[in-house]
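In what follows, a single structure is set out as structure tokens and then discussed.
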Amino acid sequence: MSKPDNLADRIKLLLSSGNDADVHFLVEEGDEKEELSAHKLILKSASDVFEAMFRFDTENAKNGAVDGKAASSSDVIGTVVVTDVQIGAFKAMLNFIYSDDLSALSGDNVMAVLYTAKKYHITGLAKACLAFPVPKLCNVFLAFDQARLLEEKVFAEHCLDFIDENADKLIKSDAFLQIDQKLMCEILSRDQLKISGEVEIWNAALRWAKEQCRQNDKECTAPNVREVLGPALFKIRFPLIPQDEFSKLIVPLRVLKHEEIVSVLLYHSHPDSGVPDIFPLQFSTKKRIYMRKGRISMKIENFSKFANKNERRHSDAVYVKGLKWKILAHSNVRDGTEERCLGFFVNCSTESTEIKNWSCSCRMMLRIVSQKKGANDYTLVFKHEFNYKAPGSRGYPHFINFEELMDTDNGWYDKEGDSVTLAVDVFAEEPYGGDS
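In terms of full-length UniProt numbering, the sequence shown has 58 at position 58, counting the first letter as 1, and numbering is strictly consecutive.
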């Protein structure tokens with residue numbers, strides 16, 4: 001049988017064949033067990049944990065004897081039993097140690113591999129796990145919870161941002177059914193969840209509760225649904241559900257008590273006057289569209305036509321801190337000249353007629369996004385305080401002239417696609433005034 005031609009393949013063959021292995025790991029995962037063979041020298045070179053493990057073993061070998069002869073370290077080590085690591089995760093770690101192979105890393109096992117990498121101090125593997133794309137995680141809810149347990153705050157925040165941004169879809173997924181009550185309470189408490197309506201939160205919670213009843217062999221009755229939901233029930237913002245939906249979809253299920261139903265209906269009848277003490281409202285009325293920061297983007301197609309006519313374009317709305325933000329762009333001529341320029345503005349407003357006397361300070365970075373590799377965005381930063389007296393738009397009527405913008409050397413204009421992409425990063429402070 002021919003031997004591998006290069007060092008990388010020879011090292012891989014050592015692992016796959018187990019030839020001359022001097023340490024064995026019995027990895028136990030529930031009822032499943034698998035023995036994996038390895039080589040101390042290679043493991044010690046990758047991990048101070050393995051180095052300490054085998055150093056202790058070598059010292060014992062020097063001090064001990066077998067049949068009157070000095071024992072080798074391989075005589076002493078025997079088999080290492082591992083009970084707290086998944087078999088697949090341990091294999092993925094060995095593959096990385098021997099050949100930097102990350103092919104076994106997946107959205108299903110990345111958190112288990114991260115735990116293994118941290119346990120054995122395999123820094124490069126841990127970094128690879130933390131660089132894994134959050135959208136490819138099989139269950140971002142559980143990944144978020146596990147990242148916190150492993151004290152990986154940045155990765156946990158990335159998971160949470162993804163949950164916020166994609167809440168409407170994620171709460172309808174099977175992954176949501178796998179979380180525990182405590183984590184569900186935390187998720188449902190978030191103001192930043194981007195959802196189409198609060199009734200979707202209720203539907204997701206009801207679906208979760210029915211699954212819990214099924215798993216625990218309980219009949220799916222209203223009392224049982226209420227029991228398994230527990231405190232999560234009070235994280236649902238029933239007053240935000242339109243009265244007709246509340247009356248048709250929720251009241252008949254009898255999960256809510258009579259006085260809770262009355263308090264919500266009274267709130268709908270008199271949202272500004274409060275609920276009588278006899279029927280205290282136990283559910284939050286705070287709107288969820290409350291991202292801490294956000295990016296608005298807009299791609300202007302047929303840009304050459306836009307640049308040569310007095311046209312206006314606006315982006316879809318993005319909600320930050322409960323307010324609605326849009327990009328407004330228009331082409332115009334600088335006064336007293338023939339120089340045509342791009343006007344670039346940010347619009348801030350509120351859709352609610354109930355929010356009065358509001359004010360919101362913010363910092364905004366306006367950018368023309370680079371279309372060319374290695375080129376920088378064209379950016380300007382400014383601060384402003386929007387308020388109920390002057391919501392409107394703020395920005396630059398002559399942000400940049402079209403000649404400079406459409407110079408292909410600058411990389412901002414996509415000549416082939418005849419388009420320019422504008423973006424605004426909004427960093428808004430807590431609004432004050434009104435009911436925000």
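Just so it is clear, CB atoms sit at the ideal spot from N, CA and C, and this is done for glycine as well.
Given the structure is predicted, the values throughout are model-derived calculations rather than measurements.
Endpoints, the alpha helix (DSSP H) within which residue i is located
i       : result
Arg-148 : 140-149
Ile-300 : From DSSP, Ile-300 is part of no alpha helix (DSSP H) but of the beta strand (DSSP E) over 293-300.
Cys-185 : 181-188
Asn-203 : 198-215
Thr-116 : 110-119
Tyr-396 : Where Tyr-396 is concerned, there is no enclosing alpha helix (DSSP H), although the beta strand (DSSP E) it sits in stretches over 393-401.
Thr-88  : One detail in the question is off: residue 88 reads as Gly in this sequence, not Thr. Note, Gly-88: alpha helix (DSSP H), 87-99.
Tyr-319 : From DSSP, Tyr-319 is part of no alpha helix (DSSP H) but of the beta strand (DSSP E) over 318-320.
Under 8 Å between C-beta atoms of residue i and residue j
i       : j       : result
Thr-350 : Leu-323 : yes
Phe-176 : Leu-160 : no
Glu-430 : Lys-293 : no
Leu-149 : Cys-129 : no
Lys-172 : Ala-204 : yes
Gln-253 : Lys-287 : Note on identity: in this sequence residue 253 is Leu, with Gln being the wrong assignment. Not a contact, by the Cβ cut-off of 8 Å.
Phe-303 : Cys-341 : no
Ser-370 : Gly-411 : yes
Distance between residue j and residue i (C-alpha atoms, nearest Å)
i           : j       : result
Ser-2       : Ala-21  : 20 Å
Pro-133     : Gln-86  : 21 Å
Asn-401     : Cys-185 : 51 Å
residue 443 : Leu-105 : One cannot answer for residue 443 here, as it falls past the ends of the chain, which runs 1 to 436.
Asp-277     : Ala-428 : 35 Å
Met-406     : Glu-416 : 12 Å
His-39      : Gly-374 : 44 Å
Trp-202     : Glu-165 : 18 Å
Glu-35      : Leu-13  : 17 Å
Lys-309     : Ile-368 : 20 Å
Tyr-120     : Ser-17  : 23 Å
Test: residue i CB closer than 8 Å to a CB of chain C
i       : result
Gly-197 : Looking at the structure shown, chain C is missing, and only one protein chain is on hand.
Opening and closing residue of the beta strand (DSSP E) in which residue i lies
i           : result
Ser-16      : Taken as a continuous stretch (DSSP letters only), Ser-16 belongs to no beta strand (DSSP E), being part of the alpha helix (DSSP H) at 7-17.
residue 439 : This structure gives no information on residue 439, because the portion of the chain shown stretches from 1 to 436.
Asp-425     : 420-428
His-314     : 312-314
Gly-343     : 340-349
Ser-247     : First-last for Ser-247: undefined, no H or E at that position.
Own chain, CB closer than 8 Å to residue i, minus 5 neighbours either side, in chain order
i       : result
Ile-11  : Ile-42, Tyr-98 and Ser-99
Ile-300 : Phe-306, Arg-313, Ala-329, Ser-419, Val-420, Thr-421 and Leu-422
Ala-89  : Asn-109, Ala-112, Val-113, Tyr-115 and Thr-116
Close Cβ partners of residue i (< 6 Å) along its chain, the five nearest in sequence each way excluded
i       : result
Ala-70  : Bear in mind that the predicted position of Ala-70 carries a pLDDT of just 47, short of 50, making it too unreliable to give a figure here.
His-268 : Gln-243
Gly-343 : His-330, Asn-332 and Pro-397
Neighbourhood of residue i by C-beta distance below 7 Å, restricted to the same chain and skipping five residues each side
i       : result
Glu-32  : Ile-87
Leu-102 : Phe-96 and Ala-128
Ile-122 : Ala-46, Ser-47, Met-93, Phe-96 and Ile-97
Practice prompt. Check whether the segment 168-186 touches the segment 226-238, counting contact only when three or more Cβ pairs, one atom from each stretch, lie closer than 8 Å.
Written response: yes
Worksheet item: Quick one: any contact between the segment 307-321 and the segment 372-392, if contact means 3 or more CB pairs under 8 Å?
Response: no
Discussion item. Closer than 8 Å is the cut-off here; do at least three beta carbon pairs connect the segment 326-345 with the segment 198-205?
Written reply: no
Discussion item. Tell me whether the segment 241-258 and the segment 149-163 touch, counting them as touching only if at least three CB pairs, one residue from each stretch, are closer than 8 Å.
Written reply: no
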